[in-house]
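Residue numbers for the sequence shown, in full-length UniProt numbering: 1 to 405. Backbone N, C-alpha and C define an ideal beta-carbon position, used for all residues, glycine too. Take a look at the structure set out below.
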Amino acid sequence: MKASWMIAWKHLRKKKGFFLNLSTFLSIAGIVVGVMALDITLAVMSGFNTDLKDKILGMQPHVLVFNDNAPLKYAKTMDRIALYFMINKLQLKKGGEDLKMTAIAAGQGIIRSGRTMSGVEIKGIDPKTEAEVTNFPSSMKEGKFLLESGEALLGKELARNLGLKTGDECYLVSGFSADMAKFRISGIFATGLYAYDSGIACISLKDAQKIFGLKADEATVIGIKTKDIYRAGKIAALIQGELKYPFVVRSWDQMNRNLFATLKLEKTVMFILLSLIILVAGFGMANTMIMNVMKKVKEIGIIQTLGANPAMIRKIFLVEGSVSGLIGISIGSALGLVACLLLKKYEFIKLPGEFYYMSYLPVQMRPADFLWVAVMAFAIVVIFSIYPAFVASRIRPAEAMRQEQ
């Protein structure tokens, strides 16, 4: 085994000096580029997924309850949900009955400032309970989160488009009433989600009830926060089973299923496409090894006359291919890691908010992704090393000597 490694390493080196010969270097370079590109791409796609999920959960309750036909009697419905989990808390084992709930009155409307008008989602909230269910307060960039009657919070992009700032006045109107209600901008928020920042105006729950023609005990949605976001689906199913139709209960992952499925598909497609770089590098390495076999026919014959059997010859060239691959994979993984760290720290690649959910390229490095890329690349290298190794092992000593004469 030691002899196989020594001979394989000799093949990888220049005739003079320590560094790799040119053909080997070019083969390794292809693997380096492929591995690095894959590592960076997977880290970015994972970053997109995680960043988007965090921002959505920062503004959206884990579970939403609404009535398919009419507004909710929210206080009565909340009591019913709380009582159900108090009685049946064993179904959720680890404290899943400790739910936080808030009432929301939301609907489509129009916001006007001077002669400028824009479609908007009017969202009536109770600031105290909203802060228990979402991270909305942490999104405030100007002003205060607490809402008094006649006050409104606008998304950063919406305020910019309308030319509004804290302290200015605007008018809101919904389809339920032709009367325009005047509001003073008490704060501006920025969630990092363009759809939210450009299309939502928040007012107090009582003001929203007036705009939408709701009674004092009515809302359109109940938002629920669970202890574990990944148990939200189970909790939603239990609530649905208790409330039944016409109530509709959806968890955050159900509400955003298409979005996250699209991101997962994009990540898979990018992985397959960029894997072709490593595949091409594998073909290049196989071609280089076959040329090396042709150049070293005499050397192979001499090794065989010294007692090397075909299995040892195969091992020499398999080791040669494997070592080349490991060098390329190690360098590619290291460069990919460095690139990801730089992207994460300096955020020097900016993204337009009109088309993306964030303003910079997000990066999340997952050890499993790096390991998967390395294993896949090494498997390709070994597979493409098998044929040249068998070609070398089929050379006979007499033929090798005769060819060199």
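- When rounded, the separation of the alpha-carbon atoms in proline 367 and valine 338 is 14 Å.
- Around the beta carbon of serine 385, a 10 Å sphere encloses 16 or more other beta carbons of the protein chains shown; the residue is thus reported as buried.
- In the DSSP assignment, glutamate 151 falls within the beta strand (DSSP E) that extends over 151-155.
- Contact between methionine 36 and glutamate 266 does not hold, since the beta-carbon distance rounds to 19 Å and is not under 8 Å.
- Boundaries of the alpha helix (DSSP H) harbouring tyrosine 196: 194-197, taken from the DSSP string.
- One alpha carbon belongs to glutamate 218, the other to isoleucine 56, and they sit about 25 Å apart.
- According to the DSSP secondary-structure assignment, methionine 117 is paired through a beta bridge with Arg112.
- Measuring C-alpha to C-alpha distances from phenylalanine 136 to each of Gly192, Tyr74, Lys295 identifies Gly192 as the nearest.
- The shortest CA-to-CA distance from alanine 216 to any of Leu205, Thr226, Gly223, Lys225 is the one to Leu205.
- Pairing isoleucine 349 with glycine 336, the inter-Cα distance amounts to about 16 Å.
- Serine 149 sits exposed, since fewer than 16 C-beta atoms from the chains shown fall within 10 Å of its C-beta.
- In the DSSP assignment, glutamate 347 falls outside any beta strand (DSSP E) and carries neither an H nor an E.
- At the C-beta level, alanine 75 and alanine 208 stay beyond 9 Å of one another.
- The region 219-232 makes no contact with the region 166-182: fewer than 3 CB pairs, one atom from each, lie closer than 8 Å.
- For alanine 392, the enclosing alpha helix (DSSP H) covers residues 367-393.
- Each of Leu153, Thr166, Ala377, Val319 was checked against the Cα of isoleucine 272, and the nearest Cα belongs to Ala377.
- Taking a cut-off of 8 Å for Cβ pairs, the region 283-293 and the region 101-118 do not touch, as fewer than three such pairs fall below it.
- Annotation for methionine 86: the continuous alpha helix (DSSP H) segment containing it runs 74-87.
- Within the DSSP bridge table, the entry for glutamate 142 names Ile188 as partners.
- Lysine 234 carries a helical assignment under DSSP once its states are collapsed to helix, strand and coil.
- By a beta-carbon distance limit of 8 Å, leucine 158 contacts serine 118. Their separation comes to about 7 Å.
- Excluding five sequence positions before and after methionine 140, the CB atoms of its chain that fall closer than 6 Å to its own CB belong to Gly187, Phe189, given in chain order.
- Around the CB of methionine 78, 16 or more other CB atoms lie within 10 Å, so the residue is classed as buried.
- Looking at the DSSP output, alanine 103 bridges to Ile222.
- Annotation: the continuous alpha helix (DSSP H) that includes glutamate 132 extends over 127-133.
- Cβ neighbours of threonine 129 within its own chain (closer than 8 Å, five residues either side excluded): Lys100, Met101, Thr102, Ala103.
- When the Cα atoms are used, isoleucine 203 and phenylalanine 212 turn out to be separated by approximately 12 Å.
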